[in-house]
Amino acid sequence: MICISLMIIFPQSAQSFLDVGGEYGASWLKEHGEEPKIEETRNNLWNWGSAPKGFEIYNGTVYPPGYAPSWYHPYYAANSTPIIINSNAGNGQQTADNTGLDPWLTAQLSGRPVTLISEPKGVLF
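When you read off a place in the sequence shown, starting at 1, and then add 1, the result is the number in this note's numbering.
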């Protein structure tokens with residue numbers, strides 16, 4: 002009991018909360034309120050090395066696995082028999098749809114030379 006009564010009679014010197022508004026807050030912001038200057042570091046994605054494992058970088062863009070542009074390198078012919086693409090072949094009523102078939106790409110993927118035949122539909126003589 003005596004301790005409790007002494008605590009009430011002699012209050013402790015407790016730190017009170019500091020009011021940060023008003024003049025004190027304005028003066029503190031003037032003194033310390035500048036934002037730090039941000040400098041672009043030279044250690045960014047394009048300087049530290051290559052793409053993350055499994056990803057590819059093409060023309061400054063990171064592509065996830067399987068979505069990067071594909072480039073085909075020259076392929077040496079494994080078979081000399083050519084693949085013949087006849088642009089006039091059709092069933093009589095409609096023309097063949099060979100417009101989307103790329104002879105160069107077909108040759109690269111198959112390893113065989115490609116011959117493209119395009120004959121005129123009119124009479125020659």
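We treat Cβ as the ideally placed atom computed from N, Cα and C, and that holds for glycine.
Residue i lies in the alpha helix (DSSP H); which residues open and close that run?
{"i": "Thr82", "result": "Where Thr82 is concerned, there is no enclosing alpha helix (DSSP H), given that its DSSP letter is neither H nor E."}
{"i": "Leu19", "result": "Here Leu19 belongs to no alpha helix (DSSP H), and DSSP marks it neither H nor E."}
{"i": "Leu110", "result": "104-111"}
What are the partner residues of residue i, as DSSP defines its beta bridges?
{"i": "Leu117", "result": "Ile86"}
{"i": "Glu57", "result": "Tyr64"}
Taking the C-alpha atoms as reference points, what is the distance between residue i and residue j?
{"i": "Asn60", "j": "Leu106", "result": "22 Å"}
{"i": "Cys4", "j": "Val21", "result": "35 Å"}
{"i": "Glu36", "j": "Leu19", "result": "23 Å"}
{"i": "Ile9", "j": "Glu24", "result": "34 Å"}
{"i": "Glu40", "j": "Ser71", "result": "37 Å"}
{"i": "Val115", "j": "Ile85", "result": "6 Å"}
{"i": "Ala52", "j": "Leu110", "result": "27 Å"}
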